[in-house]
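Student: Submitted below is the structure of interest, expressed as structure tokens.
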Amino acid sequence: RAGCLATSPGHVARCPLSSRHLRSPAPGSPASAMNIFRLTGDLSHLAAIIILLLKIWKTRSCAGISGKSQLLFALVFTTRYLDLFTSFISLYNTSMKLIYVACSYATVYLIYMKFKATYDGNHDTFRVEFLVVPVGGLSFLVNHDFSPLEILWTFSIYLESVAILPQLFMISKTGEAETITTHYLFFLGLYRALYLINWIWRYYFEGFFDLIAVVAGVVQTILYCDFFYLYVTKVLKGKKLSLPA
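All residue numbers for the sequence shown refer to this note's numbering, where the first residue is 91 and numbers rise by one.
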């Protein structure tokens with residue numbers, strides 16, 4: 091791809107526009123590489139989504155789930171995977187994109203329509219405009235390329251890093267979370283932590299580095315740190331996760 095920086099013979103080219111989570115890369119670019127951290131990260135992400143959907147469907151309730159966070163995740167996947175209409179890299183790549191998009195909208199449907207009566211809107215009060223507007227502005231100012239698809243992809247990366255805040259805010263207001271909800275949050279945080287290791291692996295073994303994705307990933311992982319601590323010290327010991335309201 092034009093714009094890739096040539097490196098020494100035998101070293102992977104460093105192409106900042108091609109290394110993205112499930113982003114369609116140029117043929118032969120490093121983004122097509124798969125390692126155990128990326129794969130387990132994808133599987134952790136998928137596990138989190140399935141856990142949440144099963145929780146809502148089996149209990150016939152979305153109590154304790156932030157509809158606003160799920161709306162933000164739906165927006166993340168919608169703006170990130172618009173390249174489904176323009177390019178194809180692999181069956182795995184396309185399948186995962188479609189699963190993420192479909193599951194995110196299915197979750198929103200269950201919360202706001204099918205099980206709307208169980209939705210706790212009184213505690214889901216985070217002002218999401220304080221996330222969407224700054225993130226939108228930042229994606230216009232700091233991106234890899236000033237083009238519509240690139241800006242929307244960058245927007246999705248920035249927004250994903252903070253999309254969980256309404257859920258964490260809701261837990262802080264109620265003071266507790268159901269065990270199954272904590273499992274969902276754990277696997278969601280684990281996915282991002284594994285992707286950070288993936289970026290480190292690729293930097294050392296492929297000579298590739300995407301500053302936008304890494305910084306956003308670090309921010310997202312930091313937001314989960316307190317939760318990880320409570321999960322290990324309480325939930326894994328059979329105790330209910332509770333916080334001072």
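Every residue gets a Cβ at the ideal spot worked out from N, C-alpha and C, and that includes glycine.
Remember, it's a predicted structure, so these values are computed and weren't measured experimentally.
1) What residue range is occupied by the uninterrupted alpha helix (DSSP H) comprising VAL198?
2) Based on Cα-Cα distance, which residue from THR272, ARG282, VAL304 and TRP291 lies nearest to THR327?
3) For LYS330, name the three-state secondary structure that DSSP assigns.
4) State yes or no: is the C-beta of TRP289 within less than 8 angstroms of the C-beta of ALA303?
5) Under a three-way DSSP split, which group does LEU219 fall into?
6) May I ask which residues mark the beginning and end of the alpha helix (DSSP H) holding LEU174?
7) Using CA atoms only, rank isn't needed, just tell me which of ILE312, LEU313, ALA137 and LEU286 is closest to ASP300.
8) What does the alpha-carbon distance come out to for the pair LYS145 and LYS330?
9) How is the alpha helix (DSSP H) around GLY131 delimited, first residue to last?
10) Rounded to whole angstroms, what is the Cα-Cα separation between GLU240 and PHE175?
11) With ARG150 and PHE205 assumed to form a contact (beta carbons below 8 angstroms), what rounded beta-carbon distance in angstroms separates them?
12) Kindly give me the distance between the Cβ atoms of TYR248 and VAL225, rounded to whole angstroms, as I take these residues to be in contact under 8 angstroms.
13) Does DSSP put ALA267 in a helix, a strand or coil?
14) Just the C-alpha distance for ALA123 and SER262, rounded to the nearest angstrom, thanks.
15) Span of the alpha helix (DSSP H) holding SER246?
16) For PHE317, which option in HIS234, TYR293, GLN257 and LEU181 has the closest C-alpha, if you only look at C-alpha atoms?
17) Is it a yes or a no for the region 151–162 touching the region 204–218, going by three-plus beta-carbon pairs under 8 angstroms?
18) SER246 and VAL166 look like a contact to me (Cβ under 8 angstroms); what is the Cβ gap, rounded to whole Å?
19) Give every residue of the same chain whose Cβ lies closer than 8 angstroms to the Cβ of LEU143, excluding the five residues on either side of it in the sequence, and list them in chain order.
20) Please report how far the alpha carbon of TRP243 lies from the alpha carbon of ARG170, in whole angstroms.
21) Please state the DSSP three-state secondary structure of ASP300.
22) Tell whether a beta-carbon distance below 8 angstroms holds between LEU278 and ILE312.
23) Taking the alpha carbon of LEU284 as the point to measure from, which residue in VAL308, THR264, TYR294 and GLY265 has its own alpha carbon closest?
Tutor: Result, derived from the coordinates:
1) 181–199
2) Sequence check: residue 327 is Lys here, not Thr. With distances taken between Cα atoms, LYS327 lies closest to THR272.
3) coil
4) yes
5) The identity of residue 219 in the sequence shown is Glu, whereas the question assumes Leu. Helix at GLU219.
6) Per DSSP, LEU174 belongs to no alpha helix (DSSP H) and is neither H nor E.
7) LEU286
8) 16 angstroms
9) 126–149
10) 14 angstroms
11) 6 angstroms
12) 4 angstroms
13) strand
14) 39 angstroms
15) 238–252
16) GLN257
17) yes
18) 5 angstroms
19) CYS193, ALA196, THR197 and LEU200
20) 5 angstroms
21) coil
22) no
23) VAL308
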